[in-house]
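First the structure, in the form of structure tokens, and then the observations on it.
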Amino acid sequence: MTTLLAGPGRRPAGKHAAAPAGRFRGLWNASPLTYLTLLVALFLSIFPIYWMIAMATRTNDVVADVPPPLLPGGNGGGNIERLFNNPDAFFAKGLLNSVIASGVVTVTTVFFASLAGFAFAKLRFRGKNGLLLVIIATMMIPVQMGIIPLYMIMVELGWQNQLQAVIVPFLVTGFGVFMMRQYAEQAVPDELIEAARVDGCTTFGIYWRVVLPALRPAAGVLGLFTFMQTWNEFMWPLAVLNPDNPTVQLSINNLANAHFQDYTLMFAGTSVAVLPLLIVFIIFGRQIIGGIMEGAVKA
Amino acid sequence: MTTDLRPSRNGPPPPSPAKADPGPRRTWRARLARLDVKGAPYAFISPFYIVFLIFGAFPLLFTLWVSLHDWELASGTRDFVGLDNYDYLLTDADFWHATVNTIGIFMIATVPQLLLALMIANALNRRMRVPTLFRIGMVAPLVTSTAAVAIVFTQMFDQDWGMINWFLGLFGVDAIAWSSSRGWSWVAIAVMVDWRWTGYNALIYLAAMQAIPKDLYEAAAIDGASRIRQFWQITVPMLRPTIIFTVIISTIGGLQLFTEPVLFSIHTPNKMEGGPLHQFQTITMYMYDNAFYSDRYGYGATVAWALFVMIIVFSLINFLAVRRTGGTK
């Protein structure tokens, strides 16, 4: 567990090797071979994404060409139009459902996890250690394990094919609580909390005015990853939602399930499904890297 | 939230009104303040426990209960059958077939993935131009969705006109039957998994590498140890806790593999079968197929528990194995 947030990665990214003295300088410089390795890895990482977007702009008559088409074409708008008009994909609805579900889950996870993390890090109460252990233990339990009874609960509640079925079970995660607790422990000075109490703040007031602002960097990373995870969820939505009320992942699954495989349509679908994440990634790339390197993400 | 409650603990004495009338009002406030101090922590942590109890702990235990039944939703059948489902599981060839598939894919995926991640992390740990660009590039696959990746790669792996067979053909390799051959389908799925997760693991390793004291390497360099030797004798042993962490995380993820193989079975009517000969059906797919497609929820729950036990056992084995090999060096 210590590897989760403690220890490694505390150094700011990119500032390692604080200019090793004199003769060991060469030990840390990248060699041409290093660059070659990284360039190949970079190419392999980026190429499938590039190719997906390029194919989304082509027409179906080129998909079977040899050699395979590699350059973008001019049919991107047409494919996206077909995508939103496709009667089987319910694509617009899927996008909207995903935005709502991911948005709600992100907000509640960050709120509840920071609230609980603050309590575990800074407040005194009976049974704290035991309760924290329970949280750590829950991080080990795979969600899919309970999918069958979870489905039965949804049947009982009448939530089959309802959007809340993919929201409510994920309002807050043990991982989020643990992560915020680790961060709050070192980011919020005890004196600040005491001072706020002396000034007459309630405990919630302390959280809202003192703790939450101090937790903002970690809360941001948790929010980003929660959004990505919820957006990408596949198995549970597949089990509980019908094809006509999909999330965006189920929409592209609808396309892949069609009898006639319309390839450029599928690529347009996957491109649009990935686009919001790519935008988030381009804006917050550095924070995401920082989050992974501090152990903030669970695979 | 009202903020005019004056907490008594450490607080200054309440101002003049309280002085004029020190009686009931003050105790009322003090009581509220005490309630706040005592009760707030529980109030703050309760949302997690409520959600977890209803949607986490209860389903897990209820899975055990369901697994002891012949449980069908459509017909309403709920016959208690004791351990019959578990009995059946032990001799169920389909289940063991899926287990072999899952472990096979997991091994093919994880071993190269973690070795590659170590290599990439080692390269990223050098001083170089544009380090951030390389790092961001490595984790770009992580922000694509699993379903999208599976669809794109399934096209690339198409036997007749997929890009990968075309590329291999340039070197004289005959077209590979990526989806119909059992072994090759495992490789194709492993590639999808690795494409997504290698960069993530590389960054985790990089973070740990940056915490290794630099003078260790300098001392080794003075002693004439080559870079490769430094890597195996300093870097890898120092990373042992991190490696254990990534192995366990990969195990938990790998044994639950679902999305990639489901979308890889693009040409078969029942996508949970993992190809016509079930050549790449994973345990999770088998569970899903039983429960949601065949309405055998009792047996599906049994498979879920078997998977859970397997995850725990594998995590332990990995943990011990990695610790052992690290310890002897």
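Read top to bottom, the protein sequences are chains D and E.
The letter at position 142 of the first sequence is residue 142 when you use full-length UniProt numbering, and the numbering goes up by one with no holes.
The letter at position 277 of the second sequence is residue 277 when you use full-length UniProt numbering, and the numbering goes up by one with no holes.
Don't be surprised by glycine CBs; every beta carbon is placed ideally from N, CA and C.
Please read these numbers as outputs of a predicted model, since none were measured by experiment.
| Asked | Found |
| --- | --- |
| Sequence-distant residues of its chain with Cβ nearer than 7 Å to D/Arg-58 (five each side left out) | Pro-69, Gly-73, Asn-75 and Thr-264 |
| Local Cβ density within 10 Å of E/Leu-320, reported as buried at 16 or more and exposed below that | exposed |
| Which listed residue (D/Val-107, D/Gly-158, D/His-259 and D/Arg-209) has its alpha carbon closest to that of D/Met-228 | D/Val-107 |
| Near-chain D residues of the segment 138 to 151 of chain E - C-beta to any C-beta below 9 Å | Met-138, Val-139, Ala-140, Pro-141, Leu-142, Val-143, Thr-144, Ser-145, Thr-146, Ala-147, Ala-148, Val-149, Ala-150 and Ile-151 |
| Under 7 Å (Cβ pairs) to chain E, residues found in the segment 66 to 88 of chain D | Val-66, Pro-67 and Pro-68 |
| Separation of D/Trp-28 from D/Ala-21, as counted between CA atoms | Here the model assigns D/Ala-21 a pLDDT of 46, short of 50, so the residue's position is not dependable, and the following value carries that caveat. So the two alpha carbons sit approximately 11 Å from each other. |
| D/Leu-44 at chain E interface by Cβ criterion, 9 Å | yes |
| 9 Å Cβ cutoff met for E/Trp-197 and E/Pro-131 | no |
| D/Val-274 burial status per 10 Å Cβ neighbour count (16 or more: buried) | buried |
| Contact list for the segment 48 to 62 of chain D against chain E, Cβ threshold 9 Å | Pro-48, Ile-49, Trp-51, Met-52 and Met-55 |
| Cβ-Cβ distance between D/Gly-176 and D/Leu-222 below 9 Å | yes |
| Beta carbon of E/Thr-251 nearer than 9 Å to that of D/Phe-234 | no |
| CB-CB length for E/Ala-190 against E/Ile-108, believed under 8 Å | 4 Å |
| Burial state of E/Thr-110, where buried means 16 or more other Cβ atoms lie within 10 Å | buried |
| Minimum Cβ-Cβ distance from D/Trp-159 to chain E less than 9 Å | no |
| DSSP state of D/Asn-29 mapped onto helix, strand, coil | strand |
| Contact set for D/Ala-187: own chain, Cβ-Cβ below 6 Å, skip 5 residues either direction | Ala-214 |
| D/Asn-161, buried or exposed, once every other Cβ within 10 Å from all chains shown has been counted against 16 | exposed |
| Sheet register partners of E/His-69 (DSSP bridge) | E/Phe-80 |
| Own chain, CB closer than 7 Å to E/Phe-258, minus 5 neighbours either side, in chain order | Thr-282, Thr-284 and Met-285 |
| Close beta carbons around E/Phe-80, own chain, < 7 Å, minus the five adjacent residues each side | Leu-68 and His-69 |
| Within-9 Å CB hit, D/Thr-203 to chain E | yes |
| Interface positions of the segment 118 to 129 of chain E facing chain D (Cβ-Cβ less than 9 Å), listed along the chain | Met-119, Ile-120, Asn-122, Ala-123, Leu-124, Asn-125, Arg-126, Arg-127, Met-128 and Arg-129 |
| N-terminal and C-terminal residue of the alpha helix (DSSP H) that E/His-97 is part of | 93 to 124 |
| Test: E/Ile-252 CB closer than 9 Å to a CB of chain D | yes |
| Span separating the alpha-carbon of E/Tyr-86 from that of E/Ala-93 | 13 Å |
| Listed by chain order, chain E residues near D/Val-155 by CB distance under 9 Å | Leu-73 |
| Given E/Arg-126 as reference, the closest of D/Tyr-35, D/Ser-251 and D/Gly-291 once Cα atoms are compared | D/Tyr-35 |
| Proximity of D/Leu-42 and E/Gly-224 at Cβ, strictly below 9 Å | no |
| Environment of E/Glu-273 [buried if 16+ CB atoms lie within 10 Å] | buried |
| Helix, strand or coil at E/Arg-129 [DSSP, three-state] | coil |
| Cβ neighbour criterion (16 or more within 10 Å) applied to E/Pro-276 | exposed |
| Beta carbon proximity, D/Met-179 to chain E, threshold 9 Å | no |
| Closest Cα partner of E/Gly-300 within the set E/Met-310, E/Trp-178 and E/Tyr-288 | E/Tyr-288 |
| Beta carbon proximity, E/Trp-28 to chain D, threshold 9 Å | no |
| Close Cβ partners of D/Ser-31 (< 7 Å) along its chain, the five nearest in sequence each way excluded | none |
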